[in-house]
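Residue numbers for the sequence shown follow our numbering, so the first one is 87 and each next one is one higher.
For every residue, glycine included, the Cβ atom is placed at its ideal position computed from N, Cα and C.
If you're wondering where the values come from, they're calculated on a predicted model, not measured in any experiment.
Worksheet for the structure shown next.
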Amino acid sequence: MADETDALTELAEDQRQLADIFRRIEHAEARDEGLRHHTDQATIELVRHYVSEEEFLYPALTEHPGPARHLVDHARDRLVEGADLVKSATEDHARAERLMRDLASADVESAEFADLVQRLLRMFRTQTRDERDLLFPYTREVLPEPVLVDLGFRMRRVKSIVPTRPYPTAPGVPPTGRLLFPGPGLVDRVRAVLSGWSHTF
């Protein structure tokens with residue numbers, strides 16, 4: 087395999103890209119024409135990140151459960167197992183996607199839109215911290231490196247299917263990308279495209 091980048095490196099890169107998008111959102115004015123574009127881009131990248139975890143990483147953790155171990159969960163120690171982490175993260179994904187669905191329908195100049203953006207940003211930061219402090223260390227401990235490299239390869243294959251920007255009329259956009267027009271339903275369209283293709287890799 088030419089590229090030996092493993093799954094956790096891929097997911098950490100997702101986090102860096104998303105942090106950059108959210109910085110642009112934070113610095114944009116309410117009337118900035120690019121604000122909706124940035125929030126749509128954040129939606130696509132978040133759903134891509136979630137699908138990569140749900141379709142590849144979480145099943146691998148189920149297949150390689152490993153021993154329970156103590157991890158620092160913010161201010162408290164607790165015994166953590168792979169099933170606990172997967173369940174908690176999947177629930178977090180569902181909550182974030184509900185926010186993103188509301189965001190796609192909200193008027194970009196409204197107070198509701200601004201509130202949803204802030205809530206999504208807080209949720210993203212919490213999820214990133216949980217992955218960095220809990221999920222990633224646990225995964226590194228229980229999954230063999232060849233498994234992580236294979237998962238990274240499959241994550242890249244699936245991500246290559248969907249453009250990173252929600253403007254599918256641009257030249258060169260693949261047919262699957264043309265489903266990702268902006269507006270209500272964007273979350274579900276991204277998820278449908280990625281989940282459908284992930285089973286072929």
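Taking L234 as the centre and dropping the five residues before and after it, the same chain places the C-beta of D92 and A93 closer than 6 Å to its C-beta, in chain order. In the pairwise beta carbon analysis, the region 227–241 is classified as not touching the region 118–129: fewer than three pairs are separated by under 8 Å. Of all alpha-carbon atoms in A197, L220 and R184, the one lying nearest the alpha-carbon of L206 is that of R184. Per the coordinates, the alpha-carbon of G168 lies some 19 Å from the alpha-carbon of A98.
In this structure, M186 places its C-beta atom within 8 Å of the C-beta atom of T129.
Listed in chain order, the non-local C-beta contacts of F222 below 6 Å within the same chain comprise L94, local neighbours out to five positions each way being set aside.
Taking a C-beta distance under 8 Å as the contact criterion, L171 and L132 do not qualify as a contact pair. Per DSSP, D100 is one residue of the alpha helix (DSSP H) stretching across A93 to H113.
Distances from the alpha-carbon of R240 to those of L280, Q204 and V273 put L280 closest.
Burial is judged here by how many other beta carbons sit within 10 angstroms of a residue's own beta carbon; Q127 has at least 16 and is buried. Out of E217, T225, D236 and Q204, the CA that lies nearest to the CA of Y136 is found in E217. Following the DSSP letters along the chain, one finds I130 inside the alpha helix (DSSP H) bounded by residues G120 to S138. Cβ atoms of A146 and L237 come within 8 Å of each other, at about 6 Å. For S191, the enclosing alpha helix (DSSP H) begins and ends at G168 to S191. Here A190 is not near E198, since their CB atoms are 8 Å or more apart. DSSP places V203 in the uninterrupted alpha helix (DSSP H) bounded by A197 to D216.
Distance between T212 and H179, taken at the CA atoms: about 12 Å. In the structure shown, E227 falls within a helical segment according to DSSP collapsed to helix, strand and coil.
One alpha carbon belongs to V203, the other to E112, and they sit about 9 Å apart. Cα atoms of D201 and S138: separation of roughly 28 Å, rounded to the nearest angstrom.
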